Ligand code: SIN
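In our numbering, the protein residues as written are 703 to 1015.
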């Protein structure tokens, strides 16, 4: 199905049943019309991640694009000195950038929870509301990113399980699955000097759509706090398996100039693991927008264990 918003001249082409749409008819390097901003917001509410092709953005233009949708954060709470000069909002995603930021072994460590589906920086008390990732350089093949819709994941659970998880809360922690605190690499210093951890509702009510979303992820969620450890492990396993169901997801093939814009409260993403097996570098740049503090179905907000509110850059 292809829909056209005549008033905005955006062409919106869904790419799977639940997740992702390609948007044509917007030049992201120029200020958008109010109708285009509204059209993009509405499409994000429905499809959770939007893709744009052939965009000519540099760091400044990417930040200006994002600023039309919210306040832009610093690149990452652990950015250190790795942001490009003059652009503290830019978080570069490439093997070299990760090695520089965290140390060479950290990137290659695999999570015991299997594929690292995640939303960006959920250990923060206010994880980013949106992320915008732009491709500068990509290999000819490989390096695809997958996205999934966690409102669909919630809606797909049986009513009994939905009611059960509505009550739960979970700890999210940077290094939840790979013992970053004990690392002798740079990541260890970062996590020890500024540990990031919060207790979030397992089900979050989306502040704009009112949808309930499954708000745990295999990269940052350590445990469900009010269950016995074995119960927590099994409940998380169930939710992680549901999150990874292929029918909810979409797979995006990058080209230079591609942009992915996702609602970080309603979508999870999975970075590729194959790009080091193909020829050519992969360099992408991400910005994030200031997020709100999650609230559960009972109206109770998240609590910080450690780490500061992540405000505008
Ligand atoms: C990320 O996990 O934020 C990066 C995604 C990617 O490398 O495709």
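Glycine residues also receive a C-beta, built at the ideal position from the N, C-alpha and C atoms.
Please read these numbers as outputs of a predicted model, since none were measured by experiment.
- Here residue 829 has 821, 822, 823, 966 and 993 as same chain residues with Cβ atoms under 7 angstroms from its own Cβ, once five neighbours each way along the sequence are excluded.
- At least 8 angstroms separates the beta-carbon of residue 792 from that of residue 768.
- The beta carbon of residue 910 sits closer than 7 angstroms to those of 747, all from its chain and outside the five residues before and after it, given in chain order.
- At least one heavy atom of the ligand SIN lies less than 7 angstroms from the C-beta of residue 974.
- Taking a C-beta distance under 8 angstroms as the contact criterion, residue 1004 and residue 755 do not qualify as a contact pair.
- Taking 8 angstroms as the upper bound for CB-CB distance, residue 970 and residue 919 are in contact here, some 6 angstroms apart.
- If you draw a 10 Å sphere on the C-beta of residue 752, you find 16 or more other C-beta atoms in it, and that means buried.
- Proximity of the beta carbon of residue 971 to the ligand SIN is indicated: a heavy atom of the ligand is located closer than 7 angstroms.
- Assignment of residue 713 by DSSP, reduced to helix, strand and coil, places it in the strand class.
- Apart from sequence neighbours up to five positions away, the residues of its chain that approach residue 870 with a beta-carbon distance below 6 angstroms are 904 and 926, ordered along the chain.
- The beta strand (DSSP E) runs of length 3 or more contained entirely in the stretch 859-925 are, from start to end of the chain, 871-875, 899-903, 905-907 and 914-916.
- Minimum Cα-Cα distance from residue 788 among the listed residues 780, 975, 760 and 826 corresponds to 760.
- For the pair residue 874 and residue 894, the Cα-to-Cα distance works out to about 16 angstroms.
- In this chain, the alpha helix (DSSP H) harbouring residue 749 covers 736-749.
- As computed with DSSP, residue 965 is found in a beta bridge with 832.
- By the criterion of a C-beta distance shorter than 6 angstroms, residue 773 is surrounded in its chain by 992 and 1014, once the five residues flanking it on both sides are discounted.
- Proximity of the stretch 970-984 to the stretch 831-851 meets the contact definition, three or more beta-carbon pairs being nearer than 8 angstroms.
- Taking C-beta atoms under 8 angstroms as the contact rule, residue 973 and residue 924 fail to qualify, at a distance of about 20 angstroms.
- A straight line joining the alpha-carbon of residue 917 with that of residue 852 spans about 8 angstroms.
- A distance of 8 angstroms or more separates the beta carbons of residue 1012 and residue 832.
- For residue 849, the enclosing beta strand (DSSP E) covers residues 847-851.
- With respect to residue 997, residue 906 sits close: the two C-beta atoms are nearer than 8 angstroms.
- In the three-state scheme derived from DSSP, where H, G and I count as helix and E and B as strand, residue 939 is classed as helix.
- For residue 781, the three-state secondary structure derived from DSSP is coil.
- Proximity to residue 717 across 901, 951 and 958 peaks at 951, based on C-alpha coordinates.
- In the structure shown, the three-state DSSP call for residue 765 is helix.
- Remark: the shortest separation between the CB of residue 988 and any heavy atom of the ligand SIN falls under 7 angstroms.
- For residue 941 and residue 968, the gap between their C-alpha atoms comes out near 15 angstroms.
- When DSSP states are grouped into helix, strand and coil, residue 803 belongs to the helix group.
- Within a 10 Å sphere around the beta-carbon of residue 764 sit 16 or more other beta-carbons, which makes this residue buried.
- Bridge partners of residue 726 according to DSSP: 713.
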